[in-house]
Amino acid sequence: MADLPLAEPTLTRSTLLRGTGALIGTIAAGSILATLAPSRVWALELTSLSQPDGETILSFAQVLYPHATLPTAVYAFVVRDLDKAAAKDPDLAAKVHAGCGSLDAAANGSFAKASPAAQLAAAKSIEGAPFFATVRGTCITALYDNPLAYAHFGYEGASWPRGGYLHHGFNDLTWLPNPPADASPTLGSL
Numbered sequence: 027m028a029d030l031p032l033a034e035p036t037l038t039r040s041t042l043l044r045g046t047g048a049l050i051g052t053i054a055a056g057s058i059l060a061t062l063a064p065s066r067v068w069a070l071e072l073t074s075l076s077q078p079d080g081e082t083i084l085s086f087a088q089v090l091y092p093h094a095t096l097p098t099a100v101y102a103f104v105v106r107d108l109d110k111a112a113a114k115d116p117d118l119a120a121k122v123h124a125g126c127g128s129l130d131a132a133a134n135g136s137f138a139k140a141s142p143a144a145q146l147a148a149a150k151s152i153e154g155a156p157f158f159a160t161v162r163g164t165c166i167t168a169l170y171d172n173p174l175a176y177a178h179f180g181y182e183g184a185s186w187p188r189g190g191y192l193h194h195g196f197n198d199l200t201w202l203p204n205p206p207a208d209a210s211p212t213l214g215s216l
């Protein structure tokens, strides 16, 4: 049996590092999320996006949906979902990379490191681009549909598993004063 030539490896260090990276951050100790998370330190491993693209998307999501007290860890869900989608769709990966490049160019450098005013101007400059719509759409689901966001905003979740709102949450409104008695009809008037 003749020796078969060995194929050249197609995976090089540069191709391995091109689409990988990690985003790392911390959750503030006084935050309600610190009580829910297993650790105050969070990390997101990127499999298809580069670390600079991940940082750009993270900052872009914060510009699109600004919440002064929402921890960065919640915004990282947007990056996670785009990274997963880009891993399955090379066209999306290219669109995300090009969109991040557009934001960097509009910010005259790194969008993630630009001032808030420069970030806002850069975001407005690409408002009609498909990348803008992609990130905005991902933000709606990834940013607001997770337990950490629920805890931050005070949403207790679905009540049907607990018997509905009549016995869970219907009368627990504490941030408004009680209405006057004449504001509601009496049973006899119905």
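Position one of the sequence shown corresponds to residue 27 (this note's numbering), numbered consecutively onward. Don't be surprised by glycine CBs; every beta carbon is placed ideally from N, CA and C.
Considering only the alpha carbon of each residue, which of the options lies closest to residue i?
i	options	result
Ser138	Asp79, Ser210 and Asp208	Rather than Ser, the amino acid found at residue 138 in this sequence is Ala. Taking only the C-alpha atoms, the option nearest Ala138 is Asp79.
Ala143	Gln88, Thr200, Leu72 and Ile166	Gln88
Pro156	Asp130, Ala175 and Asp117	Asp117
Cys126	Gly189, Ser210 and Leu108	Leu108
His123	Pro205, Phe158, Gln145 and Leu174	Phe158
Leu72	Tyr176, Ser141 and Lys110	Lys110
Tyr91	Ile166, Lys114 and Trp201	Ile166
If I measure Cβ to Cβ from residue i and keep anything under 6 angstroms in the same chain, skipping five residues before and after, which residues do I get?
i	result
Ala119	Ser74 and Ala112
Leu84	Tyr101 and Val105
Ser128	Ile152
Indicate the three-state DSSP secondary structure (helix, strand or coil) for residue i in the structure shown.
i	result
Leu72	strand
Leu96	coil
Glu182	coil
Lys139	coil
Pro211	coil
Tyr170	helix
If we ignore side chains and look at the alpha-carbon of each, how far apart do residue i and residue j end up?
i	j	result
Val105	Phe86	10 angstroms
Thr82	Ser151	15 angstroms
Ala94	His178	11 angstroms
Tyr170	Thr212	39 angstroms
Pro187	Gly163	29 angstroms
Apart from the five residues on each side of it in sequence, which residues of its chain come closer than 7 angstroms, Cβ to Cβ, to residue i?
i	result
Asp130	Thr82, Ser136 and Phe137
Going by other Cβ atoms of all chains shown within 10 Å of its Cβ, with 16 needed for buried, is residue i buried or exposed?
i	result
Gly154	exposed
Closer than 8 angstroms by C-beta to residue i: which residues in its own chain qualify, once you throw out the five before and the five after it? Chain order, please.
i	result
Thr160	Leu108, Leu118, Lys121, Val122 and Gly125
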